[in-house]
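Residue numbers (the working numbering): 191 to 481.
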């Protein structure tokens with residue numbers, strides 16, 4: 191896919207009422223692009239829509255309502271004639287040990303972070319394939335590459351999104367469609383706000399183990415080091431260019447923590463490699479795969 195310098199793009203952005211979604215929308219509109227804001231509460235973006243009536247379309251949409259994904263895409267095409275960028279941004283943190291987060295909460299996390307984005311991707315791909323171009327931006331997290339006690343339910347959805355998206359990238363590349371997985375660290379969004387961050391009821395068994403994690407997550411609101419506006423500018427710049435990375439860690443902490451995880455995983459792989467190789471049939475030929 192080549193850069194569309196000098197031409198406007200049409201974006202679909204979920205979770206655009208605040209944080210990354212809002213910042214990306216404002217940046218794109220500021221550069222002359224059209225934006226479809228897919229949000230649960232249309233009133234939360236009324237100011238942006240009123241200020242840019244010719245460029246902004248607001249669609250009421252809950253990402254977990256996968257049956258309506260096609261309606262969102264059709265609304266964009268009907269209004270602006272095409273879609274160029276899909277940003278799957280809606281998300282919510284959940285803090286709690288595996289025993290503390292129930293099935294309903296875990297299922298809701300998977301619906302929000304994997305099933306909803308997947309439905310929107312399926313809905314937009316026929317348009318992307320027909321026009322021979324398109325960019326899918328999957329807003330993951332550093333928690334989509336590394337995890338730690340207390341965030342398993344959140345990481346489950348983000349790990350799943352990343353695995354699904356990595357396969358997707360290879361499937362759609364021949365059609366001129368690009369996939370970029372964004373892995374932010376802490377940014378000054380509403381993610382850690384008391385009325386947004388989900389915290390499971392603490393059990394006595396894990397109180398001591400997770401006390402620091404709960405306190406850290408709950409006390410980060412408003413002091414995160416990442417700037418959503420700077421992040422949005424980076425994302426919009428990359429979408430406008432000729433090349434996007436498959437994975438883009440955002441923020442110094444993400445670069446350092448994900449990098450450290452890669453090194454530790456490689457060290458562990460090399461340590462246990464002789465044991466792992468011993469599981470094959472003796473003398474069996476090495477596998478040959480098409481990809």
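Each residue gets a CB set at the ideal place from its N, CA and C atoms; glycine is no exception.
Residues bridged to residue 228 by DSSP? 204 and 249
For residue 394, the three-state DSSP class (helix, strand or coil)
helix
Residue 359 vs residue 436 beta-carbon contact at 9 Å
yes
**Item:** Distance between residue 250 and residue 205 (C-alpha atoms, nearest Å)
**Value:** 11 Å
I need the straight-line Cα distance from residue 191 to residue 389, nearest angstrom please. Caution applies to residue 191, whose pLDDT of 37 falls short of 50 and renders its modelled position unreliable; the value that the coordinates give is listed next. Rounded to whole angstroms, residue 191 to residue 389 spans 42 Å at the Cα level.
One question on the structure: do residue 229 and residue 201 come within less than 9 Å of each other, judged by their Cβ atoms?
no
*Nearest-angstrom Cα distance between residue 194 and residue 432?*
For residue 194, the pLDDT reaches just 47, beneath the cut-off of 50, and the residue's location in the model is therefore unreliable, although a value from the coordinates is still provided. Roughly 9 Å separates the two Cα atoms.
> If you pair each beta-carbon of the stretch 413-429 with each one of the stretch 344-359, do three or more pairs fall below 8 Å?
Replying inline: no
- Query: residue 374 to residue 316, Cα distance in whole Å?
  - Reply: 29 Å
### Inter-residue Cα distance where the pair is residue 235 and residue 401
36 Å
| request: Output the residue ranges of the alpha helix (DSSP H) runs that lie fully inside the stretch 241-302 and measure 4 residues or longer, sorted by chain position. | output: 259-270 and 293-300
CA-to-CA distance, residue 256 to residue 291, given in whole angstroms
23 Å
Simplified DSSP state of residue 192, which is helix, strand or coil:
Per-residue confidence for residue 192 stands at a pLDDT of 37, beneath the threshold of 50, marking its modelled position as unreliable; the derived number appears in the next sentence. Residue 192: coil per DSSP, three-state reduction.
Buried or exposed: which applies to residue 446, given that a residue is buried once 16 or more other Cβ atoms fall within 10 Å of its Cβ?
exposed
request  = Spell out the partners DSSP gives residue 369 in its beta bridges.
outcome  = 326
- Task: Identify whether residue 450 lies in helix, strand or coil by the three-state DSSP scheme.
- Result: helix
message: Taking the alpha carbon of residue 350 as the reference point, which residue from 263, 404, 246 and 306 has its own alpha carbon closest?
response: 306
Open item on the list: Measuring only the C-alpha atoms, how far is residue 338 from residue 352?
Closed with: 17 Å
Open item on the list: I need the straight-line Cα distance from residue 272 to residue 416, nearest angstrom please.
Closed with: 32 Å
Worksheet item: Just checking, does the stretch 439-455 make contact with the stretch 235-248 on the three C-beta pairs under 8 Å criterion?
Response: no
What do you reckon, are the CB atoms on residue 370 and residue 456 nearer than 9 Å? no
Notebook entry, point to check: Per DSSP, residue 377 forms a beta bridge with which residues?
Noted result: 416
In terms of alpha-carbon separation, which member of 434, 335 and 265 lies closest to residue 326? 434
Kindly indicate which residue of 286, 364, 301 and 346 has the alpha-carbon position closest to the one of residue 405.
286
Look up residue 437 in the DSSP assignment and say whether it is helix, strand or coil. strand
*asked:* Quick test of your reading: residue 224 and residue 265, contact by CB under 8 Å. State the CB separation rounded to the nearest angstrom.
replied: Actually they do not touch by this definition, with Cβ atoms about 12 Å apart.
>> Let me check understanding here. Comparing Cα to Cα, which of 440, 341 and 294 lies closest to residue 378?
In response: 440
### Task
With a threshold of 16 other CB atoms inside 10 Å of the CB of residue 481, please say whether the residue is buried or exposed.
exposed
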